[in-house]
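Chains as they are written, first to last, in full-length UniProt numbering: chain X, 1 to 413; chain L, 1 to 413.
We treat Cβ as the ideally placed atom computed from N, Cα and C, and that holds for glycine.
Model, not experiment: these values are computed from the prediction.
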């Protein structure tokens, strides 16, 4: 099918979904879950073909791992859909409302965005997760997965659509968009048919969509996150947060990439920090002050401070004062999550006020910046842009609003 | 100065403005007002040069009128700045907040967007209005006015910057962007320096920015607004709303462009409506049913239903039922403000639920869809897009948010 036909079908189907009750949407989510569970064998077989093809073409092991589905991963997708059914429905929520002096009543209600395009890389579990989040928030989903996962995504989407059909919901609210690179271009040009694009994946993909799209985009995910250890920091707290944010799951966007240590505390803190990092097999890329302390420290390059490592590598620098720390963060931050450990109210206040990021943290770990940890129940991604949504995006962030204005004949005159 | 230098200066200046207290911003607004009032003579002289040049070049009278400043219009600009000083500051407002079970406290605060680019057409009063709204919401403004208003805008901007300097605020938070078309292109490519672009003007300008910009855009203003007169409508109410929405100020975006009349009421209602419209010198462009009723009715073209007239022209059609009315609105609406007059709860509910627009109105005039009428105190425009803000945009809509997360050593583990 042509992309434009798919998009038009999505737009048409999105209209009835927009006014569907929560009961209808929750029934659809359970039916999608049932159908996906029933299709586990098909899905795993399709995935095995994708994985073989990727291995034969010499794909990196990390990519093959992201591509691979297991019975446990399929179960997680099924459970994710059922959990969405248990969440409150944001559609219809009254954001605010008032009555004008002339009696005209104004309410601002949450409504679905309409048609949401998700452009993503290898992970086939995104297919079910994104379809479910879109459905619960009343949006049709156009799912543009990568060609390496085409067989898997086709099998998953077919199952989800069977579930929708089983409960009488137009299956065109969930569609897989297949085809070459030109289809991504068509998606990015589909103003009026696609209401928003959300790219999920590496920095290259996100940048290509953000700069190339005429459809509004929500930028997600790049996290070059800093930890500032202030002169007045509780060192044990700083060490705990450093390990939590760097080591537990280095490949995620809210993990730590650079630690900046105040010179007044460096001589005492850094040897302790380097010892702990060594225990956790973290490679430290340090500035001259840090290199001087320990043979294991690799000299840091400009790239080390600029790029997300997403691995057990940590850039470390000594800063003369809070101003220098703030200047470093301003220069290199991707605007995701920035943390200070400090005992000073003044330093905490300056840091939270002056750092321009989706989340600023004091004396706690950036790993808490997450839709699940925020209690959103589901997350489509973490927005690092300033328009529409910033930070973890749950169901409410997948909606727009509409003013409903009711009178009994009032005119402005 | 090069645009990139201006944008960098704006970005730098925006940082201290972002953390400025309301008292500082209000003092700046009053100082801007004082300086603009003091510069009235200069501003009017500069404007006279723009007006002469426009007249000599054969510009349309409507354009010359939009371009022309008078002492009253300058006073309105000055008063507008002072009124902004009286409004609450959205920056720092807590949108929501909670404490996690582990004691981590999360607050979502309003913060400025950063650097806002306004691209607008002839009206020089936008220069002061937009600068003031940006300043109050903590944003630096890059004002890209039209070349026809360059002298006026230069004089206004110089005055505003003198005011800022007088109270010690970096004047680079208000800058006029001059130069040819290539400068607009630079603005639209300035990702990372400009946080959002807001085009204000005709459909051509808005479309060019919306499709050409890599910087996020807020689309404003196009209003192809409908009035549906249902079978159960109170006819006097319908006539009153029709006149209010069409006649009072036809050039604004929330004015009425097309009226759709239910066939069951058409024979009685339309002759009354046509008589009232004739009294107000409105040219009616009707479908075959309407043309048949009155010699003064011009046959409506597809363009009449598609375009905003912004004049004393009204397209009128008879529809067989509410479904036909909804289908017409769906096809032609620009998603601004759509109205139904009805006595039926069922029809009102269907209309408000199914029509996809920034505002849907029942038994009252679309002219109420306005920042002033909504009590926002100031309005940068009316958004017709779904992301970030939809409908009248006041000061809160000129902000983003930031999560402030505070703990005492908690880690996720």
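| message | Mapping the DSSP letters down to three states, classify residue 358 (chain L) as helix, strand or coil. | response | As a first step, residue 358 (chain L) must be located in the second chain, where it is residue number 358. Residue 358 (chain L) falls in the coil class under three-state DSSP.
| Distance CB(residue 404 (chain X))-CB(residue 104 (chain X)) smaller than 8 angstroms | To locate residue 404 (chain X), count along the first chain from 1; it is residue 404. To locate residue 104 (chain X), count along the first chain from 1; it is residue 104. Not a contact, by the Cβ cut-off of 8 angstroms.
| Could you give the residue range of the alpha helix (DSSP H) that holds residue 193 (chain L)? | To locate residue 193 (chain L), count along the second chain from 1; it is residue 193. Neither: residue 193 (chain L) is in no alpha helix (DSSP H) and is coded neither H nor E.
| query | Nearest to residue 260 (chain X) by CA position, among X:315, X:209, X:235 and X:274, is which residue? | reply | For this step, residue 260 (chain X) is matched to residue 260 along the first chain. Ranking X:315, X:209, X:235 and X:274 by Cα distance to residue 260 (chain X) puts X:315 first.
| query | List, in order along the chain, the chain L residues whose C-beta lies closer than 8 angstroms to that of residue 136 (chain X)? | reply | The residue you call residue 136 (chain X) lines up with position 136 of the first chain. Going along chain L, no residue has its Cβ under 8 angstroms from residue 136 (chain X), so there is no contact; the nearest lies around 18 angstroms.
| If you compare alpha carbons, which of X:111, X:146, X:158 and X:51 is closest to residue 139 (chain X)? | Start at 1 with the first residue of the first chain, and residue 139 (chain X) comes out as number 139. Nearest of X:111, X:146, X:158 and X:51 to residue 139 (chain X), Cα basis: X:111.
| said: Can you tell me where the beta strand (DSSP E) holding residue 313 (chain L) begins and where it ends? | reply: Mapped onto the second chain, residue 313 (chain L) falls at position 313. Start and end: 313–319.
| query | How big is the Cα-Cα spacing for residue 196 (chain L) and residue 233 (chain L)? | reply | As a working mapping, residue 196 (chain L) is identified with position 196 in the second chain. As a working mapping, residue 233 (chain L) is identified with position 233 in the second chain. The straight-line gap from Cα to Cα measures roughly 42 angstroms.
| said: Please report the straight-line C-alpha distance between residue 67 (chain X) and residue 119 (chain X), rounded to a whole angstrom. | reply: The residue labelled residue 67 (chain X) in the question sits at position 67 within the first chain. The residue labelled residue 119 (chain X) in the question sits at position 119 within the first chain. Going from the Cα of residue 67 (chain X) to the Cα of residue 119 (chain X) covers about 15 angstroms.
| Does the separation of the CB atoms of residue 121 (chain L) and residue 146 (chain L) fall below 8 angstroms? | The count along the second chain starts at 1 and reaches residue 121 (chain L) at position 121. The count along the second chain starts at 1 and reaches residue 146 (chain L) at position 146. Yes.
| query | Sorted by chain position, which residues of the same chain lie with C-beta nearer than 6 angstroms to residue 102 (chain L)'s C-beta, five sequence neighbours on each side aside? | reply | What you label residue 102 (chain L) is simply residue 102 of the second chain in a count that begins at 1. Excluding sequence neighbours, residue 102 (chain L) sits near 410.
| query | Which residues bound the alpha helix (DSSP H) around residue 402 (chain X)? | reply | The sequence position of residue 402 (chain X) within the first chain is 402, counting from 1. No alpha helix (DSSP H) holds residue 402 (chain X); the beta strand (DSSP E) holding it covers 399–406.
| task | Taking residue 114 (chain L) and residue 386 (chain X) to be in contact with their CB atoms under 8 angstroms, please state how far apart those CB atoms are, rounded to whole angstroms. | result | Reading the second chain from its first residue, position 114 is the one you call residue 114 (chain L). Reading the first chain from its first residue, position 386 is the one you call residue 386 (chain X). Correct: roughly 7 angstroms between the Cβ atoms.
| Three-state secondary structure (DSSP) of residue 380 (chain L) | In the second chain, the residue the question calls residue 380 (chain L) occupies position 380. DSSP places residue 380 (chain L) in coil when its eight states are reduced to three.
| said: For residue 329 (chain X) and residue 226 (chain X), I'd like the C-alpha separation in whole angstroms. | reply: Walking along the first chain from the start, residue 329 (chain X) turns up at place 329. Walking along the first chain from the start, residue 226 (chain X) turns up at place 226. Each residue's alpha carbon lies about 7 angstroms from the other.
| said: Between which two residues does the beta strand (DSSP E) holding residue 176 (chain L) run? | reply: Along the second chain, one-based indexing puts residue 176 (chain L) at 176. It spans 174–176 - the beta strand (DSSP E) in which residue 176 (chain L) sits, taken as one unbroken run.
| task | Report all residues from its chain with a CB closer than 8 angstroms to the CB of residue 3 (chain L); omit the five preceding and five following residues, and keep chain order. | result | Counting from 1 along the second chain, the entry for residue 3 (chain L) is found at position 3. Contacts found: 177, 179, 183, 186, 187 and 190.
| task | Flag this pair as yes or no: are the beta carbons of residue 76 (chain L) and residue 125 (chain L) separated by less than 8 angstroms? | result | In the second chain, the residue the question calls residue 76 (chain L) occupies position 76. In the second chain, the residue the question calls residue 125 (chain L) occupies position 125. Result yes, Cβ atoms of residue 76 (chain L) and residue 125 (chain L) sit closer than 8 angstroms.
| request: Classify residue 75 (chain L) as helix, strand or coil using the three-state DSSP reduction. | output: One-based indexing of the second chain puts residue 75 (chain L) at position 75. Of the three classes helix, strand and coil, the one that applies to residue 75 (chain L) here is helix, per DSSP.
| said: Only counting the same chain, and skipping five residues up and downstream in sequence, which positions put a Cβ closer than 8 angstroms to that of residue 215 (chain X)? | reply: Within the first chain, the letter at position 215 stands for residue 215 (chain X). So the list reads 117, 187, 188, 189, 190, 191, 194, 195, 196 and 197, once near-sequence residues are dropped.
| request: Can you give me, in chain order, the residues of the region 388–406 of chain L that have a beta carbon less than 7 angstroms from any beta carbon in chain X? | output: 388, 390, 391, 400, 401, 402, 403, 404, 405 and 406
| Cβ pair residue 249 (chain L), residue 278 (chain L) closer than 8 angstroms | Counting from 1 along the second chain, the entry for residue 249 (chain L) is found at position 249. Counting from 1 along the second chain, the entry for residue 278 (chain L) is found at position 278. Not a contact, by the Cβ cut-off of 8 angstroms.
| request: Mind checking the region 355–368 of chain L against chain X and listing, in chain order, the residues whose C-beta falls within less than 9 angstroms of any C-beta there? | output: 355, 356, 357, 358, 359, 360, 361, 362, 363, 364, 365, 366, 367 and 368
| message | Can you confirm whether residue 234 (chain L), when its beta carbon is compared against all beta carbons of chain X, has any partner nearer than 8 angstroms? | response | Position 234 of the second chain holds residue 234 (chain L). Closer than 8 angstroms: yes.
| field | Nearest candidate by alpha-carbon position, reference residue 379 (chain L), set L:39, L:81 and L:6 | value | Taking the first residue of the second chain as 1, we reach residue 379 (chain L) at position 379. Closest by alpha carbon: L:81.
| Considering only C-alpha positions, which residue in the set X:91, X:59, X:393 and X:54 is nearest to residue 21 (chain X)? | Looking up residue 21 (chain X) in the first chain gives position 21. Out of X:91, X:59, X:393 and X:54, X:91 has the C-alpha closest to the C-alpha of residue 21 (chain X).
| said: Does the CB of residue 313 (chain X) have a neighbour CB from chain L at under 8 angstroms? | reply: Locating residue 313 (chain X) in the first chain gives position 313, where the first residue counts as 1. Residue 313 (chain X) does not count as touching chain L.
| message | Going by C-alpha to C-alpha distance, which of L:47, L:23 and L:162 sits closest to residue 36 (chain L)? | response | Working through the second chain from its first residue, we reach residue 36 (chain L) at position 36. Answer by Cα proximity: L:162.
| Member of X:362, X:26 and X:240 whose CA lies at the smallest distance from the CA of residue 164 (chain X) | Against the first chain, residue 164 (chain X) aligns to sequence position 164. Comparing Cα-Cα distances from residue 164 (chain X) to each of X:362, X:26 and X:240, the minimum goes to X:26.
| request: Report the partner residues of residue 118 (chain L) according to the DSSP bridge assignment. | output: Against the second chain, residue 118 (chain L) aligns to sequence position 118. Partner(s): L:143 and L:198.
| Got a sec? Which residues, its chain only, sit under 6 angstroms from residue 347 (chain L) by beta carbon, not counting five neighbours each side? | Taking the second chain and counting its residues from 1, the one referred to as residue 347 (chain L) is at position 347. Excluding residues within five positions, the ones whose Cβ falls inside 6 angstroms are 230 and 322.
| So, are the CB atoms of residue 141 (chain L) and residue 174 (chain L) less than 8 angstroms apart? | To locate residue 141 (chain L), count along the second chain from 1; it is residue 141. To locate residue 174 (chain L), count along the second chain from 1; it is residue 174. Yes; because the gap between Cβ atoms is below 8 angstroms, this pair is in contact.
| said: As an exercise, report each continuous beta strand (DSSP E) stretch of at least 3 residues that is fully enclosed by the region 267–330 of chain L, in chain order. | reply: 283–286 and 313–319
| Exposure label - residue 129 (chain X); buried when at least 16 CB within 10 Å | For this step, residue 129 (chain X) is matched to residue 129 along the first chain. Buried, because 16 or more other Cβ atoms sit within 10 Å of the Cβ of residue 129 (chain X).
| query | Taking only beta-carbon atoms, is residue 244 (chain X) less than 8 angstroms away from chain L? | reply | Along the first chain, one-based indexing puts residue 244 (chain X) at 244. At least one chain L Cβ lies under 8 angstroms of residue 244 (chain X).
| query | Taking Cβ positions only, does residue 386 (chain L) come closer than 8 angstroms to chain X? | reply | Residue mapping note: residue 386 (chain L) aligns to position 386 of the second chain, counting from 1. Chain X, which has a Cβ nearer than 8 angstroms to the Cβ of residue 386 (chain L), makes this yes.
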